[in-house]
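Chemist:
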Amino acid sequence: MHELLLFASVPVHQHHELLQQLAGLTAMQPRHAIERRLIFKAYRKPGLITGRVGGSQDLQQSGDLQRVNKMLNGSMFYTQVVGPVSEKELGPASTSMSTSVPAPDPDTPMAGTDESKPPAPVPNAAVPDGEASAYDYEQQPWRLEFRDIPEAATRSAITTRVMASAALPRGDIVPSMNAWGYGFVTEYLVEGDIFIHNDIVIFLHRVLHYPSSDNEPREPRRNLTALKDMEPLEKTGSYVLQASITVQDGTNQETMKTASQHLFGLREQLKSAVRLEQADRLSLDTRAK
Amino acid sequence: MPVTGVYFIPSHPNASTALSTLTERLRSSFTDEDFIPLGRWALDHKLMRDTPGLLPASANPGQRPSKPRYMQLLSLTHYPSHGFIYTSEPTEKPFHPPSAASSAPSATPANGAVSPGQGGPAPAPTAAASHTSATSQGGASAAETQMLMTTVPPSSYKTLFQHFTYACQPFWCHRLTVTVPNGVVYDIGDFRVRLGDVRQTWPTARVRGTIVEIEWRGPSVVDSLAAASQARRSGSADDVDSGVDLSFSVLEEADIDAEYEATASLIREFWARLGVQGAREAILVPGIGKEIKEKLGRVRGAGRDVGGRSLKDEATLAGLGGVPFEDDIDPAAGTDVARQYMEVLRFNR
Numbered sequence: 001m002h003e004l005l006l007f008a009s010v011p012v013h014q015h016h017e018l019l020q021q022l023a024g025l026t027a028m029q030p031r032h033a034i035e036r037r038l039i040f041k042a043y044r045k046p047g048l049i050t051g052r053v054g055g056s057q058d059l060q061q062s063g064d065l066q067r068v069n070k071m072l073n074g075s076m077f078y079t080q081v082v083g084p085v086s087e088k089e090l091g092p093a094s095t096s097m098s099t100s101v102p103a104p105d106p107d108t109p110m111a112g113t114d115e116s117k118p119p120a121p122v123p124n125a126a127v128p129d130g131e132a133s134a135y136d137y138e139q140q141p142w143r144l145e146f147r148d149i150p151e152a153a154t155r156s157a158i159t160t161r162v163m164a165s166a167a168l169p170r171g172d173i174v175p176s177m178n179a180w181g182y183g184f185v186t187e188y189l190v191e192g193d194i195f196i197h198n199d200i201v202i203f204l205h206r207v208l209h210y211p212s213s214d215n216e217p218r219e220p221r222r223n224l225t226a227l228k229d230m231e232p233l234e235k236t237g238s239y240v241l242q243a244s245i246t247v248q249d250g251t252n253q254e255t256m257k258t259a260s261q262h263l264f265g266l267r268e269q270l271k272s273a274v275r276l277e278q279a280d281r282l283s284l285d286t287r288a289k
Numbered sequence: 001m002p003v004t005g006v007y008f009i010p011s012h013p014n015a016s017t018a019l020s021t022l023t024e025r026l027r028s029s030f031t032d033e034d035f036i037p038l039g040r041w042a043l044d045h046k047l048m049r050d051t052p053g054l055l056p057a058s059a060n061p062g063q064r065p066s067k068p069r070y071m072q073l074l075s076l077t078h079y080p081s082h083g084f085i086y087t088s089e090p091t092e093k094p095f096h097p098p099s100a101a102s103s104a105p106s107a108t109p110a111n112g113a114v115s116p117g118q119g120g121p122a123p124a125p126t127a128a129a130s131h132t133s134a135t136s137q138g139g140a141s142a143a144e145t146q147m148l149m150t151t152v153p154p155s156s157y158k159t160l161f162q163h164f165t166y167a168c169q170p171f172w173c174h175r176l177t178v179t180v181p182n183g184v185v186y187d188i189g190d191f192r193v194r195l196g197d198v199r200q201t202w203p204t205a206r207v208r209g210t211i212v213e214i215e216w217r218g219p220s221v222v223d224s225l226a227a228a229s230q231a232r233r234s235g236s237a238d239d240v241d242s243g244v245d246l247s248f249s250v251l252e253e254a255d256i257d258a259e260y261e262a263t264a265s266l267i268r269e270f271w272a273r274l275g276v277q278g279a280r281e282a283i284l285v286p287g288i289g290k291e292i293k294e295k296l297g298r299v300r301g302a303g304r305d306v307g308g309r310s311l312k313d314e315a316t317l318a319g320l321g322g323v324p325f326e327d328d329i330d331p332a333a334g335t336d337v338a339r340q341y342m343e344v345l346r347f348n349r
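Residue numbers (full-length UniProt numbering), protein chains in the order written: chain A, 1 to 289; chain B, 1 to 349.
(1) Report back the beta-carbon spacing between I256/B and V285/B to the nearest angstrom; my notes put them in contact at under 8 angstroms.
(2) Assign M76/A to one of two classes, buried (16 or more other C-beta atoms within 10 Å of its C-beta) or exposed (fewer than that).
(3) Looking at the structure shown, is M48/B part of a helix, part of a strand, or coil, going by DSSP?
(4) Report the neighbours of E89/B on chain A: residues whose CB is nearer than 7 angstroms to its CB, in chain order.
(5) Using a Cβ-Cβ cut-off of less than 9 angstroms, list which residues of the region 192 to 211 of chain B approach chain A; keep chain order.
(6) Could you check what DSSP says for W271/B in three-state terms: helix, strand or coil?
(7) Is there a Cβ of chain B sitting closer than 7 angstroms to that of R44/A, yes or no?
(8) Within the 7 angstroms Cβ cut-off, does A288/A reach chain B?
(9) Give the straight-line distance between the Cα atoms of L19/A and E151/A, rounded to the nearest whole angstrom.
(10) Work out the CA separation of Q162/B and L43/B for me, nearest whole Å.
(11) Name the chain B residues that come within less than 8 angstroms of V68/A, Cβ to Cβ?
(12) Please say whether T51/B and M71/A have beta carbons closer to each other than 7 angstroms?
(13) Find the residues of chain A that neighbour T31/B, judging by a C-beta separation of less than 8 angstroms, and give them in chain order.
(14) Have a look at R155/A, P175/A, R206/A and flag the residue whose alpha-carbon is nearest the alpha-carbon of residue 348/A.
(15) So with CB distances below 9 angstroms, who are the chain A contacts of L160/B?
(16) What does DSSP give as the partner residue(s) for W216/B in the beta ladder?
(17) Please report how far the alpha carbon of Y166/B lies from the alpha carbon of A164/A, in whole angstroms.
(18) Going by other Cβ atoms of all chains shown within 10 Å of its Cβ, with 16 needed for buried, is I196/A buried or exposed?
(19) Can you name the residues of chain A whose CB is closer than 7 angstroms to the CB of Q169/B?
(20) To the nearest angstrom, how far is the alpha carbon of G183/B from that of S9/A?
(21) Apart from the five residues on each side of it in sequence, which residues of its chain come closer than 6 angstroms, Cβ to Cβ, to W202/B?
(22) Closer than 7 angstroms, CB to CB, is F264/A near chain B or not?
(23) At a Cβ threshold of 7 angstroms, is P68/B touching chain A?
(24) Name the chain A residues that come within less than 7 angstroms of L148/B, Cβ to Cβ?
(25) Excluding five sequence neighbours on each side, which residues of the same chain lie with their C-beta closer than 7 angstroms to the C-beta of Q248/A?
(26) In chain B, which residues lie less than 9 angstroms from R65/A when you measure between Cβ atoms?
(27) Any C-beta of chain B sitting closer than 7 angstroms to the C-beta of F40/A?
(28) Evaluate V198/B with the Cβ neighbour count: other Cβ atoms within 10 Å of its Cβ, from every protein chain shown; 16 or more gives buried, anything less gives exposed.
(29) With a cut-off of 7 angstroms, does the C-beta of F7/A fall near any C-beta of chain B?
(30) In this structure, does DSSP put W172/B in helix, strand or coil?
(31) Along the chain, where does the beta strand (DSSP E) containing L65/A start, and where does it finish?
(32) On the three-state DSSP scale, how would you describe L59/A?
(33) So what's D330/B in DSSP terms, helix, strand or just coil?
(34) With 7 angstroms as the threshold, decide whether the Cβ of F195/A is near any Cβ in chain B.
(35) Which complete beta strand (DSSP E) runs does the region 159 to 193 of chain A hold, if anything under 3 residues is left out?
(36) Step through the CB atoms of chain A and report whether any lies within less than 7 angstroms of the CB of S16/B.
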C-alpha cells in the first residue's frame, strides 16, 4: 500500500478556528482520537559479520550467497505499534475536558464531541491494585503501522511512501515483536481530531510526551498518565495538519495521479487557512542505522 | 480445542503421493456408515528463516554456527478467524526483556500465573488474561518451548508476511511456501480426518507429500474444560480470592497432560490401522496444550469478560485511517493443531 501526504503546521491560536473550518468543509463533527504509539526498532545481532568476507573472492561467490549477502545488507526500519485509547483511560478522572490542554486553548468543540460518546464501560473490578485508572493494558488492541522513507525523486509536490497496517493481538505485544526481530525503544501519545473528506483523511494532531522521569521504562507503560500532565513535543502546543490518502496499489500510476489531484484540490480549498505542503523527505526517514 | 495429531508422508518430486493409497485404506478399514465425506479444507504455510543463518559456515570464520531461527506463518480454513505465526524465541533480547523490568505492577504475577503447578489465587486478573492474545512470555513457558505462538486477524496474515519480506530482509528470509489446495475432510467414527497433498508453490512448484490431520471428536477433558471455563467466566467473580481454586487448577493441569497422552495413543492406534510407512508424526509437540493450561489459569481470575471494552467503543476508537480492529473471540483456538502442522512442515531449508 502507498500513502500520499500533505502537511501543514497550525499554531495553537489557530487551532480552534481551523477545527470549525474543517468541520464546515467536511460536514462532519471532529472525531477525537488519542493513540499510544510504541516505537520499535529492528535489531541485528551485534558482532555479526555482515560485510563481505575476503574481497578478492567475490567473483567466486555463488548467486545464492550473493543474494543472502544483499539481503543482510538491506535496510532495517523503525516501525510503530499503535493502539487507540480513550480519554477515560488516561489516568485519574480528568472530568473536565478543558483542563487537559496546557496551552490556552478552550477546545470547546472537542468537549462537545466527547459528551456525545457513549459512556465506556469501566471495569473497575478488574483493576489489580485498586488504582483509579481504568486502563487495562492486557486488553489494549494494537496494530502495526509501518512507514517506509518517502520515495525520492518524485516530481509531484506530494510526500509518497510505502506503508503497511496490520492488526495485532491484544495485550502485551512486546514478546511477539521481540521474536519477530523488533525491540521496544520508546513511546509517545498522539492526540487530535480526525475528519474524513471524500477519500482524504485529515488528522489535526500533536505529539505528547510522557512527563520525564529519571528511569525511562524499557517496556510499554502499564498505566497511562492523565492527558493534562502530558507534555507537548512542540512547546508552544501547536498542531500538525496531516492530509493523507491511502492507495492500495501504488504501482498503478492512474490511481496515484488521481489521489494526488484530490490532495491538491484540498490544498486549494484550505489555501486561505493553512499552507499544505510536502514534508522534508529525510525528516520522515524510518530507516534504522 | 480438540486434541489432534498430524502426519506427513513425504514423497519424491515426480512420484505420486500417498493420498490415493490413504483414501483407499481408510475406505476399506471402515464401514460405509462410519465413513462420511464432509467437504474440503485448505492450508497455506510460509516458512521464513533468519537470514544470517543462511551464510555458509566457511564465510563466517571465527563464529560458531548459530541455531537456525524460523518464522512460520500458517493459515487453516478450519480456523478462519485468525492466522498463526510461530516464531523462534530471540536468542538474545534487545534492550531489556520484560522480565528484567519486573517493577511493573503486573509483571510478577503474570509469570506466576502461567507456571504450571504454582501461582497463587491470582491477585491480578489482568495477569492471567495477558495470554488471551495467545502470545507467551518468559517464565516456565520459555523453558519448555523455544517458539512463540501469535495469532493475528486474517487480514493481517498477508500484510505481515509482506512486511517481513519487505522491511525485514536482514533478519528474515522467505524460504518456502507450501499449500494444500484441495484437502478432503471425512468423519470416521469418533475421528475427523483431513487429508491433502502438500504442494510447494515457492520458490519452485513441486509436490512435497501428503498430510493427514486426525482429530479426536470423542469425549475429551480438554473440550469440556474449555466449556467449563466459559461457564465460569460468565459466572460471578466472588471466588477469585478463594483458595479452593488453586487446588482445582493444579488437579486440572495434571489432567490435561494425561488427557493429551491418552488421546495421543488413540490417534496413534487409529493411524496404525492404516499401515502407512515412512510418515513423520507430530502429536505431542513442544508447547502443546499451553493455551488450554493458560485458559485454566484464567479461570481463577474469572469474573471479567474477555471483551473488556465494548465493540462499539472499539469502533469509535479505531484510529487514523487504519484498519478497524477485529475482535477474535478465541485467539487461542487451533494453536495446538497449528503447532503440529508447523512441526512437520518445518522443512530443513
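For every residue, glycine included, the Cβ atom is placed at its ideal position computed from N, Cα and C.
Quick caveat, the model's predicted, so the values are computed rather than measured.
Modeler: So, from the listed chains and residues:
(1) Residue mapping note: residue 256/B aligns to position 256 of the second sequence, counting from 1. Residue mapping note: residue 285/B aligns to position 285 of the second sequence, counting from 1. Actually they do not touch by this definition, with Cβ atoms about 15 angstroms apart.
(2) The residue labelled residue 76/A in the question sits at position 76 within the first sequence. Per the 10 Å Cβ criterion, buried.
(3) Indexing the second sequence from 1 puts residue 48/B at position 48. Residue state, collapsed to three classes: strand.
(4) Indexing the second sequence from 1 puts residue 89/B at position 89. Below the 7 angstroms Cβ cutoff, chain A contributes A179 as neighbours of E89/B, in chain order.
(5) none
(6) Working through the second sequence from its first residue, we reach residue 271/B at position 271. It is helical.
(7) Counting from one through the first sequence, the residue named residue 44/A turns up at place 44. So, interface residue.
(8) Translated into the one-based positions of the first sequence, residue 288/A becomes position 288. Answer no: the Cβ-Cβ gap between A288/A and chain B never drops below 7 angstroms.
(9) Stepping through the first sequence from its first residue, residue 19/A is reached at position 19. Stepping through the first sequence from its first residue, residue 151/A is reached at position 151. Cα-Cα distance, rounded: 30 angstroms.
(10) Stepping through the second sequence from its first residue, residue 43/B is reached at position 43. Stepping through the second sequence from its first residue, residue 162/B is reached at position 162. Straight-line Cα distance between these residues: approximately 18 angstroms.
(11) Taking the first residue of the first sequence as 1, we reach residue 68/A at position 68. Within chain B, the residues near V68/A are T51, L54, L55, C173.
(12) For the purposes of this step, residue 71/A is identified with residue 71 of the first sequence, where counting begins at 1. For the purposes of this step, residue 51/B is identified with residue 51 of the second sequence, where counting begins at 1. Yes.
(13) As a working mapping, residue 31/B is identified with position 31 in the second sequence. Those do not exist, as T31/B stays about 44 angstroms from chain A at its closest Cβ, beyond 8 angstroms.
(14) Examination of residue 348/A is not possible in this model, given that chain A is present from 1 through 289 alone.
(15) What you label residue 160/B is simply residue 160 of the second sequence in a count that begins at 1. Chain A residues near L160/B: L144, A164, A166, L168, W180.
(16) Your numbering for residue 216/B matches position 216 in the second sequence. F191/B.
(17) Here the question's residue 166/B lines up with position 166 in the second sequence. Here the question's residue 164/A lines up with position 164 in the first sequence. Going from the Cα of Y166/B to the Cα of A164/A covers about 10 angstroms.
(18) Residue 196/A sits at position 196 when you count from the first residue of the first sequence. It is exposed - the Cβ of I196/A has fewer than 16 other Cβ atoms within 10 Å.
(19) For this step, residue 169/B is matched to residue 169 along the second sequence. Under the 7 angstroms cutoff, chain A gives M71, G74.
(20) For this step, residue 183/B is matched to residue 183 along the second sequence. For this step, residue 9/A is matched to residue 9 along the first sequence. C-alpha separation (whole angstroms): 56 angstroms.
(21) Taking the first residue of the second sequence as position 1, residue 202/B is located at position 202. T177.
(22) Position 264 of the first sequence, counted from the first residue, corresponds to residue 264/A. No, because no Cβ of chain B sits closer than 7 angstroms to the Cβ of F264/A.
(23) Within the second sequence, residue 68/B is the residue found at index 68, counting from 1. Taking Cβ atoms only, chain A never reaches closer than 7 angstroms to P68/B, which makes this a no.
(24) Indexing the second sequence from 1 puts residue 148/B at position 148. Within 7 angstroms Cβ-Cβ: P175, S176, A179.
(25) By one-based count along the first sequence, residue 248/A stands at place 248. Counting only Cβ-Cβ distances below 7 angstroms, and skipping sequence neighbours, we find M1.
(26) Walking along the first sequence from the start, residue 65/A turns up at place 65. Inspection of the sequence shows that residue 65/A is occupied by Leu rather than by Arg. Correct list: L54, L55, P56, A59.
(27) For the purposes of this step, residue 40/A is taken as the residue at position 40 of the first sequence. Closer than 7 angstroms: no.
(28) Position 198 of the second sequence holds residue 198/B. Buried, because 16 or more other Cβ atoms sit within 10 Å of the Cβ of V198/B.
(29) The count along the first sequence starts at 1 and reaches residue 7/A at position 7. No, its Cβ sits nowhere closer than 7 angstroms to a Cβ of chain B.
(30) If you number the second sequence from 1, residue 172/B lands on position 172. Correct three-state label for W172/B: coil.
(31) Start at 1 with the first residue of the first sequence, and residue 65/A comes out as number 65. Careful: L65/A lies outside any beta strand (DSSP E), inside the alpha helix (DSSP H) at 63 to 72.
(32) The residue given as residue 59/A occupies position 59 in the first sequence. Low local confidence applies: a pLDDT of 49 at L59/A is under 50, so the model's placement there is unreliable, with the coordinate-based value given in what follows. The answer is helix: DSSP assigns L59/A an H, G or I state.
(33) Taking the first residue of the second sequence as 1, we reach residue 330/B at position 330. Note: D330/B maps to coil in three-state DSSP.
(34) Your numbering for residue 195/A matches position 195 in the first sequence. No, F195/A does not count as interfacial toward chain B.
(35) Annotation note: the region 159 to 193 of chain A contains the following uninterrupted beta strand (DSSP E) runs of length 3 or greater, listed N- to C-terminal: 159 to 168.
(36) Residue mapping note: residue 16/B aligns to position 16 of the second sequence, counting from 1. By this cut-off, S16/B is not an interface position.
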